[in-house]
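S.K.:
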Ligand SMILES: CC(C)(COP(=O)(O)OP(=O)(O)OC[C@H]1O[C@@H](n2cnc3c(N)ncnc32)[C@H](O)[C@@H]1OP(=O)(O)O)[C@@H](O)C(=O)NCCC(=O)NCCS
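Numbering (this note's numbering), first residue to last: 64 to 411.
See below:
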């Protein structure tokens with residue numbers, strides 16, 4: 064008897080982004096407020112980072128709540144119903160509960176039935192990683208529509224006394240619905256990692272070191288004289304990140320263009336991770352991006368929201384009319400890991 068064959072699975076030929084949506088917390092923190100915590104100046108922060116203000120989430124604006132708000136807008140924009148979603152991917156590094164994944168609660172609240180739902184930790188490349196996974200799921204036949212969310216409450220992991228990070232981070236959520244397409248709408252995702260630079264951006268200490276395993280077991284987190292018990296925060300070697308982003312990420316962005324068979328002058332938008340305006344400007348130069356290509360500069364009002372920054376910036380460019388539906392956009396995310404992901408996408 065011949066070996067039985069597993070039934071082949073076929074998915075859509077291509078995928079594209081069908082809708083995008085964002086949520087920005089209500090509370091605005093202008094640079095003037097940051098100056099209450101660190102010795103700095105509005106001018107220094109603006110010229111070194113491009114940031115004028117950021118949003119910080121309040122107690123009601125949880126990771127789940129911001130995600131549900133952003134996803135609701137993306138679902139409406141895509142014109143689908145939540146029960147058509149066959150996968151929910153949440154990219155975040157600031158959901159502070161180790162388990163369960165926040166994605167299941169979000170899927171349930173949105174009405175996504177029994178869709179598989181999981182979190183991924185890929186920092187500022189999280190949205191690009193999610194997009195790569197969603198594209199594979201749709202073309203591989205395991206889902207028709209996939210919801211990709213990038214969401215952060217980085218204020219929970221910000222040390223307000225750290226001059227190198229206190230002014231950078233913000234909170235928010237961005238979401239995209241990825242689904243089938245007759246024509247290619249997501250170019251090859253160029254993604255990767257470099258674990259040799261894992262310490263360049265990282266949490267100051269793990270939860271067990273911070274509180275001590277014995278304390279954790281007893282459910283208490285007392286301060287220890289040796290510094291344990293201090294709430295972990297994000298720490299960054301600013302200049303190393305800056306150099307890596309400027310030199311290496313422009314090459315990755317160019318690879319994404321080449322893989323998609325698109326030249327810089329054919330782009331309708333450049334939407335890099337909103338890490339730092341000077342990094343964006345250096346990339347524009349390295350890519351020889353024509354002045355006619357609109358560039359996302361959402362960082363000025365939003366700060367660096369890690370996984371949320373690209374979909375938030377994308378939504379803003381579409382809403383303001385800076386970019387149009389059907390335009391080609393180059394997106395690139397990069398950050399802690401170190402990790403990166405870039406692709407050319409058709410805007411929804
Ligand atoms: C964080 C960053 C803005 C700091 O700028 P920098 O030029 O590297 O700053 P340095 O630490 O070398 O310090 C340079 C000077 O600015 C001062 N300085 C540092 N932080 C400051 C602050 N918050 N306000 C005012 N002055 C500050 C330093 O004291 C130093 O002064 P000196 O020259 O008199 O000694 C910069 O490294 C950067 O943009 N890195 C990339 C960060 C990023 O994008 N991260 C996101 C990754 S996803």
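From the three backbone atoms N, C-alpha and C, an ideal C-beta is built for every residue, glycine too. This one's a predicted model, so the numbers in the text were calculated from it and none came from an experiment.
Any heavy atom of ligand 1 within a distance shorter than 7 angstroms of the CB on residue 52?
M.R.: Residue 52 lies beyond the residue range present for the chain, which begins at 64 and ends at 411; the question has no answer from this structure.
S.K.: Taking one C-beta from the segment 131 to 147 and one from the segment 219 to 231 each time, how about it: are there three or more such pairs within less than 8 angstroms?
M.R.: no
S.K.: Using alpha carbons as the reference points, say which of 350, 114, 346 lies closest to residue 445.
M.R.: Here the chain covers residues 64 to 411 and nothing more, so residue 445 does not appear.
S.K.: Could you tell me if residue 69 is buried or exposed, where buried requires 16 or more neighbouring beta carbons within 10 angstroms of its beta carbon?
M.R.: Classification for residue 69: exposed.
S.K.: What does DSSP give as the partner residues of residue 156 in its beta bridges?
M.R.: Answer by DSSP bridge pairing: none, since residue 156 is not bridged.
S.K.: Taking its Cβ as the centre, do 16 or more other Cβ atoms sit within 10 Å of residue 64, making it buried, or is it exposed?
M.R.: exposed
S.K.: Shortest alpha-carbon distance to residue 212 belongs to which of 198, 194, 203?
M.R.: 194
S.K.: Kindly indicate which three-state DSSP category residue 140 falls into: helix, strand or coil?
M.R.: Looking at residue 140 - three-state DSSP - the assignment turns out to be helix.
S.K.: Within 10 Å of its beta-carbon, does residue 234 have 16 or more other beta-carbons around it, so buried, or fewer, so exposed?
M.R.: Residue 234 comes out buried.
S.K.: When burial is assigned at 16 or more other CB atoms within 10 Å of the CB, is residue 182 buried or exposed?
M.R.: Within 10 angstroms of the beta-carbon of residue 182 lie 16 or more other beta-carbons, which makes it buried.
S.K.: Can residue 415 be considered in contact with ligand 1, in the sense that its beta carbon sits closer than 7 angstroms to one or more heavy atoms?
M.R.: Examination of residue 415 is not possible in this model, given that the chain is present from 64 through 411 alone.
S.K.: Just to confirm before moving on: does the CB-CB distance between residue 410 and residue 375 stay below 8 angstroms?
M.R.: no
S.K.: Hey, is residue 346 close to ligand 1, as in C-beta under 7 angstroms from one of its heavy atoms?
M.R.: no
S.K.: Rounded to a whole number of angstroms, what is the C-alpha to C-alpha distance between residue 178 and residue 103?
M.R.: 47 angstroms
S.K.: For residue 78, which of helix, strand or coil comes out of DSSP?
M.R.: strand
S.K.: At a cut-off of 7 angstroms, would you count residue 107 as near ligand 1, judging by its Cβ distance to the nearest heavy atom?
M.R.: yes
S.K.: Could you name the residues of the same chain whose beta carbon sits closer than 6 angstroms to that of residue 353, not counting the 5 residues immediately before and after it, in chain order?
M.R.: 328
S.K.: With a threshold of 16 other CB atoms inside 10 Å of the CB of residue 106, please say whether the residue is buried or exposed.
M.R.: exposed
S.K.: In angstroms with no decimal places, state the Cα-to-Cα distance between residue 127 and residue 371.
M.R.: Their backbone Cα atoms lie some 13 angstroms apart in a straight line.
S.K.: May I have a chain-ordered list of the beta strand (DSSP E) segments no shorter than 3 residues that lie completely inside the segment 175 to 208?
M.R.: 180 to 183
S.K.: Does the segment 337 to 355 come close enough to the segment 85 to 92 that 3 or more CB-CB pairs lie under 8 angstroms?
M.R.: In the pairwise beta carbon analysis, the segment 85 to 92 is classified as not touching the segment 337 to 355: fewer than three pairs are separated by under 8 angstroms.
S.K.: Can you determine whether any heavy atom of ligand 1 sits closer than 7 angstroms to the C-beta of residue 358, and answer yes or no?
M.R.: No, the Cβ of residue 358 stays beyond 7 angstroms of every heavy atom of ligand 1.
S.K.: With respect to the alpha helix (DSSP H) encompassing residue 301, which residues constitute its N-terminal and C-terminal limits?
M.R.: 301 to 323
S.K.: Indicate the three-state DSSP secondary structure (helix, strand or coil) for residue 339 in the structure shown.
M.R.: coil
S.K.: Count the other CB atoms, across all protein chains shown, that sit within 10 Å of the CB of residue 173; report buried if there are 16 or more and exposed otherwise.
M.R.: With 16 or more other Cβ atoms within 10 Å, it is buried.
S.K.: Ignoring anything shorter than 3 residues, give me the beta strand (DSSP E) runs that lie fully in the segment 66 to 128, in order along the chain.
M.R.: 77 to 86, 90 to 93, 116 to 119
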